[in-house]
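S.K.:
Residue numbers (my numbering): 1 to 274.
(1) Entirely within the segment 134-214 and at least 4 residues each: give me those alpha helix (DSSP H) ranges in chain order.
(2) Residue 91: buried (16+ other C-beta within 10 angstroms of its C-beta) or exposed?
(3) Roughly how many angstroms separate the alpha carbons of residue 176 and residue 76, rounded to a whole number?
(4) Should the segment 153-167 be regarded as contacting the segment 121-138, the criterion being three or more beta carbon pairs within less than 8 Å?
(5) Report yes if the CB atom of residue 96 is closer than 8 Å to the CB atom of residue 128, and no otherwise.
(6) So, helix, strand or coil for residue 261, using DSSP?
(7) From what residue to what residue does the beta strand (DSSP E) around residue 250 run?
(8) Can you tell me which of the three DSSP states residue 289 falls into?
(9) Considering Cα atoms alone, identify which of 184, 203 and 237 is closest to residue 253.
(10) Just the C-alpha distance for residue 141 and residue 113, rounded to the nearest angstrom, thanks.
(11) Following the continuous alpha helix (DSSP H) through residue 115, name the residue where it begins and the one where it ends.
(12) Restricting to Cα atoms, I'd like to know which of 244, 165, 36 and 28 is closest to residue 196.
(13) Taking 7 Å as the cut-off, is the beta-carbon of residue 173 closer than that to any non-hydrogen atom of the ligand HEM?
(14) Please state whether DSSP places residue 217 in a helix, a strand or coil.
(15) Using beta-carbon positions only, say whether residue 263 and residue 247 come within less than 8 Å of one another.
(16) Give the single residue among 273, 198, 193 and 93 whose Cα lies nearest to the Cα of residue 187.
(17) Pop quiz: residue 173 and residue 206 are said to be a contact at Cβ under 8 Å. What is the actual Cβ separation, rounded to whole angstroms?
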């Protein structure tokens, strides 16, 4: 007689157990394979997360090292200024400079402990720094801050001493060479999730026949060191925040094509207080 149902062929319990076993083996294999795949995925995610944490820790250590470099560089330049006043027996200006210098150093040391500080604190330090340099530049200079509407300096955060090297370059490689009083303009605005900073000066080009002794001590070394440190800091900022910060330099020229100053444009992530 023809049997249509295969299960009827299982004449003993052993045959039934064998069939169940054969059916379960593929299920168990598939289950174990899925468990293995899920484990591998989670393990790889943990490894990637750990690598990201290590990269961030390394970048933070490098950033701290760079901030530590800024302080001696900045203090050295300021002490040079005091030394020049003393050499000239200008004790009144030396006293004023020391008073402002002590206030600025306190700010710099406090701010350098933090990754970011309020823009208001950065502007306070910049203003003190420019007041110090006003005492040194022979024809003096004015400075102007322009903060866009809707940008709260107390609620926006920036890396400390980010702009000081650019201001220093404007003063000693531009305004210092003017035959009359100069000026620096600093404008702050925001576009989408980026903070935009523009620095302009109306400095003059260094004359070809300038007396080397009239130039600031180690001026070229100071210029390269200060901006180099800032570039490295922004490169680390790009790595840790997965953004593209920008620094652009541009010569300003008048209608006749004569050099009329320098423009620096900086774009960094907009960090606002929660």
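Ideal placement from N, C-alpha and C gives every residue a C-beta, glycine not left out.
M.R.: The relevant details are as follows:
(1) 164-172
(2) On the chain shown, residue 91 is found 91 positions in, with the first residue counted as 1. When all chains shown are included, residue 91 counts as exposed.
(3) Here the question's residue 176 lines up with position 176 in the chain shown. Here the question's residue 76 lines up with position 76 in the chain shown. Using only the alpha carbons, I get a separation of about 19 Å.
(4) yes
(5) Start at 1 with the first residue of the chain shown, and residue 96 comes out as number 96. Start at 1 with the first residue of the chain shown, and residue 128 comes out as number 128. Result no, Cβ atoms of residue 96 and residue 128 do not sit closer than 8 Å.
(6) As a position in the chain shown, residue 261 is number 261, starting the count at 1. Three-state result, residue 261: strand.
(7) Within the chain shown, residue 250 is the residue found at index 250, counting from 1. Looking at the DSSP string, the run of the beta strand (DSSP E) that includes residue 250 is 246-253.
(8) The first residue shown for the chain is 1 and the last is 274, placing residue 289 beyond what the model contains.
(9) Here the question's residue 253 lines up with position 253 in the chain shown. Nearest of 184, 203 and 237 to residue 253, Cα basis: 203.
(10) The count along the chain shown starts at 1 and reaches residue 141 at position 141. The count along the chain shown starts at 1 and reaches residue 113 at position 113. If you take the alpha carbons of residue 141 and residue 113, they lie about 31 Å apart.
(11) Here residue 115 refers to the residue found at position 115 when the chain shown is read from its first residue. That residue, residue 115, is in no alpha helix (DSSP H); it is neither H nor E in DSSP.
(12) Translated into the one-based positions of the chain shown, residue 196 becomes position 196. Per the Cα distances, 244.
(13) Ligands displayed in this structure: none; no statement on the ligand HEM is therefore possible.
(14) Numbered from its first residue, the chain shown carries residue 217 at position 217. Summary for residue 217: the model assigns pLDDT 40, below 50, so the residue's position carries little reliability, and this model does not support an answer.
(15) Here residue 263 corresponds to residue number 263 of the chain shown, with the count starting at 1. Here residue 247 corresponds to residue number 247 of the chain shown, with the count starting at 1. Not in contact: residue 263 and residue 247 (Cβ atoms no closer than 8 Å).
(16) Residue 187 sits at position 187 when you count from the first residue of the chain shown. The shortest C-alpha separation from residue 187 is found at 198.
(17) To locate residue 173, count along the chain shown from 1; it is residue 173. To locate residue 206, count along the chain shown from 1; it is residue 206. So it is a contact: roughly 7 Å between Cβ atoms.
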